[in-house]
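Undergrad: Sharing a structure here in structure tokens format.
Residue numbers (the working numbering): 7 to 256.
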């Protein structure tokens, strides 16, 4: 493409949404049978988008239904419809003329540092607090063999330390958000940090909530929070996903 447009490759190649919706379609248009390949390319984009959406939504919906089974699991269809409509309305501003700047803001502040922090906490909780050896024993119960020494070393040392280092470097090397020649205003950067804080605050927020609502002394609360719950402690009512179908077949 750089040769055809008689431009330097640095002025043609780009990243982000421009790479997917501008550079790749133009490259496909220069191929023989461009219509066929263009159809396949955009079908691939649609399936990738749907797959990512299904995974994220199902994780959130399933977690909320398990946490509040009486109210949400019994009315799962209505709850899913409400969530989809709400997310659709929230996504409408990204389809406007300034939507590209909104998407860049959400992508920069909504995922980068938040995901690194959450993944580090998950790795530390499983391998340092719960215990990699205990986790390996449970993997053996499911698969019939324990994970190798390589996996245990990665879980206990390599992965958490690398993730923590990447998170620290991302915080240290932070710069105010820009897009090409556009500098985001201060209020937009503030909104971005609020978005980041909304994800980061969930973990310490739940820790504070657990310590406040759990009976016992402070030491007993911490010890109970650091120990996994047994099945006898999990006394949540289990309600079928669709009671009408089960009643109808009875």
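All residues carry an ideal CB built from backbone N, CA and C; glycine is no exception.
It should be emphasised that the depicted structure is a prediction, and the values quoted were computed from it without experimental measurement.
1. Using 10 angstroms around the beta-carbon of residue 110, count the other beta-carbons present and answer buried if the total reaches 16, otherwise exposed.
2. Tell me the DSSP secondary structure of residue 212 in three-state form.
3. Which residues share a DSSP beta bridge with residue 184?
4. Based on Cα-Cα distance, which residue from 127, 90 and 44 lies nearest to residue 56?
5. Going by alpha carbons, who is nearest to residue 84 out of 105, 67, 97 and 132?
6. By the DSSP assignment, the alpha helix (DSSP H) with residue 110 in it spans what residues?
7. In the structure shown, what three-state DSSP assignment does residue 144 receive?
8. When the distance is taken between beta carbons, is residue 152 closer than 8 Å to residue 145?
9. Measure how close the beta-carbons of residue 120 and residue 206 come, nearest whole angstrom, since I'm counting them as under 8 Å.
10. Below 8 Å on the Cβ atoms is my guess for residue 26 versus residue 51; work out the distance and round it to an integer in Å.
11. Nearest by alpha-carbon distance to residue 138: which of 49, 122 and 155 is it?
12. Straight-line CA distance for residue 129 to residue 141?
13. First and last residue of the alpha helix (DSSP H) that includes residue 30?
14. Just to confirm, are residue 122 and residue 167 a CB contact at a threshold of 8 Å?
15. I need the straight-line Cα distance from residue 69 to residue 44, nearest angstrom please.
16. Compare the Cα-Cα distances from residue 176 to each of 79, 117, 221 and 102 and report the closest residue.
17. What is the rounded straight-line gap between the Cα of residue 215 and the Cα of residue 93?
18. Buried or exposed: residue 192, going by 16 or more other Cβ atoms within 10 Å of its Cβ?
19. Using CA coordinates, which residue listed in 173, 127, 210 and 189 is at the minimum distance from residue 162?
20. Hey, out of 164, 219, 209 and 187, whose CA is closest to residue 134's CA?
21. Measuring CB to CB, does residue 182 end up less than 8 Å from residue 195?
22. Please return the same chain residues whose Cβ sits closer than 6 Å to the Cβ of residue 198, not counting the five positions on each side in sequence.
23. Determine the DSSP secondary structure at residue 120, reduced to helix, strand or coil.
TA: On the basis of the coordinates in this document:
1. Start at 1 with the first residue of the chain shown, and residue 110 comes out as number 104. Residue 110 sits buried, since 16 or more C-beta atoms from the chains shown fall within 10 Å of its C-beta.
2. Translated into positions along the chain shown, residue 212 becomes position 206. Note: residue 212 maps to helix in three-state DSSP.
3. Numbered from 1 along the chain shown, position 178 holds the residue referred to as residue 184. Per DSSP, 189.
4. As a working note, residue 56 is residue 50 in the chain shown. The shortest C-alpha separation from residue 56 is found at 90.
5. Taking the first residue of the chain shown as 1, we reach residue 84 at position 78. Among 105, 67, 97 and 132, the Cα nearest to that of residue 84 is on 67.
6. Here the question's residue 110 lines up with position 104 in the chain shown. It spans 105-116 - the alpha helix (DSSP H) in which residue 110 sits, taken as one unbroken run.
7. Mapped onto the chain shown, residue 144 falls at position 138. In the three-state reduction of the DSSP assignment, residue 144 falls in the helix class, which pools H, G and I.
8. Counted from its first residue, the chain shown places residue 145 at position 139. Counted from its first residue, the chain shown places residue 152 at position 146. In this structure, residue 145 sits near residue 152, with a CB-CB distance shorter than 8 Å.
9. Along the chain shown, one-based indexing puts residue 120 at 114. Along the chain shown, one-based indexing puts residue 206 at 200. Confirmed, about 6 Å.
10. For the purposes of this step, residue 26 is taken as residue 20 along the chain shown, with counting starting at 1. For the purposes of this step, residue 51 is taken as residue 45 along the chain shown, with counting starting at 1. 7 Å between Cβ atoms; contact.
11. Within the chain shown, residue 138 is the residue found at index 132, counting from 1. Checking every option, the nearest Cα to that of residue 138 belongs to 155.
12. As a first step, residue 129 is located in the chain shown; it is residue number 123 there, counting from the start. As a first step, residue 141 is located in the chain shown; it is residue number 135 there, counting from the start. When rounded, the separation of the alpha-carbon atoms in residue 129 and residue 141 is 12 Å.
13. Here residue 30 refers to the residue found at position 24 when the chain shown is read from its first residue. Residue 30 -> alpha helix (DSSP H) spans 30-35.
14. Position 116 of the chain shown, counting from 1, holds the residue named residue 122. Position 161 of the chain shown, counting from 1, holds the residue named residue 167. No.
15. As a position in the chain shown, residue 69 is number 63, starting the count at 1. As a position in the chain shown, residue 44 is number 38, starting the count at 1. Approximately 38 Å, taken between the alpha carbons.
16. Taking the chain shown and counting its residues from 1, the one referred to as residue 176 is at position 170. Ranked by how close their Cα comes to the Cα of residue 176, the residues 79, 117, 221 and 102 have 117 in first place.
17. For the purposes of this step, residue 215 is identified with residue 209 of the chain shown, where counting begins at 1. For the purposes of this step, residue 93 is identified with residue 87 of the chain shown, where counting begins at 1. So the alpha carbons of these two residues sit roughly 27 Å apart.
18. Counted from its first residue, the chain shown places residue 192 at position 186. By the neighbour-count criterion, in which 16 or more other beta carbons inside 10 Å mark a residue as buried, residue 192 falls on the exposed side.
19. Counted from its first residue, the chain shown places residue 162 at position 156. Cα-wise, what sits closest to residue 162 is 127.
20. In the chain shown, counting from the first residue as 1, residue 134 sits at position 128. Between residue 134 and the set 164, 219, 209 and 187, the nearest pair of CA atoms involves 164.
21. The sequence position of residue 182 within the chain shown is 176, counting from 1. The sequence position of residue 195 within the chain shown is 189, counting from 1. The answer is yes: Cβ separation under 8 Å.
22. Residue mapping note: residue 198 aligns to position 192 of the chain shown, counting from 1. Correct list, in chain order: 111 and 115.
23. Counted from its first residue, the chain shown places residue 120 at position 114. Assigned with DSSP and collapsed to three states, residue 120 falls in helix.
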